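At position 45 of the sequence shown the residue is numbered 45 (full-length UniProt numbering), and the sequence of numbers has no breaks. C-beta: ideal position from N, C-alpha, C; glycine also. These figures come from a predicted structure and were not determined experimentally. Worksheet: the structure to be examined is printed underneath.
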Amino acid sequence: RKFFDLQDMLGFDKASQTLYWLFTCSKDSINELINMKMSTQCINSKNNNKIAEKICRDGFGSSSRESRAKARAR
């Protein structure tokens with residue numbers, strides 16, 4: 001509902017125009033978030049690379065195996 005209220009306030013008749021306006025106005029904030037996320041990932045990757053790999057392998061491996069076993073049982 002808020003989206004359509006904004007669209008009415010801006011006087012746009014198409015949702016694409018409203019989305020374009022939103023992205024244009026928030027471009028700097030979006031880029032800032034992307035840069036923050038990338039720098040955080042680089043730091044975490046350097047510091048915890050082996051730990052993260054083990055967690056990913058352990059977490060996905062066991063749940064995947066369980067899901068396949070349940071599917072076979074069905």
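Here the alpha carbons of Asp28 and Gln7 stand approximately 21 Å from one another.
Leu33 and Arg1 have their C-alpha atoms some 26 Å from each other.
Excluding residues up to 5 positions away in sequence, Phe23 lie with their Cβ nearer than 8 Å to the Cβ of Ile30 in the same chain. Secondary structure of Ser26 (DSSP, three-state): coil. Counting along the chain, Phe4 sits inside the alpha helix (DSSP H) bounded by residues 2-10.
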